[in-house]
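Q: Quick note on numbering: the sequence shown equals residues 29 to 203 in our numbering. A virtual CB, placed ideally from N, CA and C, is assigned to each residue, including glycine. Can you read through this structure? Questions will come right after.
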Amino acid sequence: EVMGAHVGPYECHITGRRIRLATRAGVALFGDMGIEANLLEFGEEQKRQLKAAVALHKKHRALIFSGNLIRFDMHDFESAFGIVSQNRREALFSYALLKTSPQSTPGRFLFRGLKRKAHYDVKIAWPLAPRSYSGSILDVIGSTPVSGDALMRAGMQLPIMEPESLLVFHLVQAS
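Right under this line is the structure:
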């Protein structure tokens with residue numbers, strides 16, 4: 029079962045909210061990824077971002093449509109979920125900061141549904157250029173695989189993010 033999720037215009041005609049393209053595309057990535065925005069109003073950078081988002085969706089379409097959905101209980105200022113492949117060798121996880129956090133530092137993101145004894149390569153798949161006020165632990169560990177056990181028990185330190193932004197993590201079991 030796949031939810032319809034479309035990239036709408038910068039200003040939502042229903043709520044009046046204005047949300048960056050990176051966030052709108054990151055949400056639509058996990059559904060059927062339609063486009064309801066007027067592409068004639070897009071600048072070159074927005075077209076480049078949208079093209080990259082559509083390519084990312086196509087690349088992970090099989091996982092998105094056939095994986096197991098994992099929901100997370102989060103604070104009211106954040107949202108998270110994941111899709112893990114049936115064989116648990118690959119996953120996409122989304123973490124979104126919905127509004128300003130009352131905490132001075134972000135928490136850890138505890139992944140779920142992975143193989144405890146397997147090791148995973150972890151990358152930020154979206155957005156193309158994440159906006160944050162702190163470095164990412166991924167910059168420190170580089171391409172070093174991390175055990176599923178560590179990712180699920182200790183998790184990953186989240187960067188300081190702007191409200192109404194998100195990160196999409198792509199995990200692949202290392203060979």
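How far does the alpha helix (DSSP H) with residue 105 in it reach, from first residue to last?
A: It is not in any alpha helix (DSSP H) - residue 105 carries neither H nor E in the DSSP assignment.
Q: Pick helix, strand or coil for residue 76, following the three-state DSSP scheme.
A: DSSP places residue 76 in helix when its eight states are reduced to three.
Q: Would residue 116 pass as a contact of residue 141 if the rule is Cβ separation under 8 Å?
A: Contact flag set, yes.
Q: Tell me which residues share the same chain as residue 57 and place their Cβ nearer than 7 Å to its Cβ, disregarding the 5 neighbours each side in the sequence.
A: 81, 84, 85, 154 and 196, listed in sequence order.
Q: When burial is assigned at 16 or more other CB atoms within 10 Å of the CB, is residue 77 buried or exposed?
A: Residue 77 should be labelled buried.
Q: If we call anything under 8 Å between Cβ atoms a contact, is residue 186 one with residue 51?
A: Contact flag unset, no.
Q: Which first and last residues belong to the beta strand (DSSP E) in which residue 99 is found?
A: Taken as a continuous stretch (DSSP letters only), the beta strand (DSSP E) holding residue 99 covers 96-99.
Q: Spell out the partners DSSP gives residue 151 in its beta bridges.
A: Note: residue 151 sits in a beta bridge opposite 198.
Q: From residue 72 to residue 64, what does the alpha carbon distance come to, in whole angstroms?
A: Straight-line Cα distance between these residues: approximately 18 Å.
Q: Given residue 37, which residues of its chain have a CB within under 8 Å of its CB, disregarding the five upstream and five downstream residues?
A: The residues are 64, 65, 66 and 69.
Q: How would you write the range of the alpha helix (DSSP H) that residue 53 sits in, first residue to last?
A: Run containing residue 53: 49-56, per the alpha helix (DSSP H) assignment.
Q: List the endpoints of the continuous beta strand (DSSP E) containing residue 125.
A: 118-125 is the span of the beta strand (DSSP E), which, as asked, contains residue 125.
Q: Apply the 10 Å Cβ neighbour rule to residue 42 and answer buried if 16 or more other Cβ atoms are within range, or exposed otherwise.
A: Label assigned to residue 42: exposed.
Q: For residue 180 and residue 44, what's the separation of their Cα atoms in angstroms?
A: Roughly 38 Å separates the two Cα atoms.
Q: Considering only their Cβ atoms, is the gap separating residue 202 from residue 173 smaller than 8 Å?
A: Yes, these two residues count as a Cβ contact at 8 Å.
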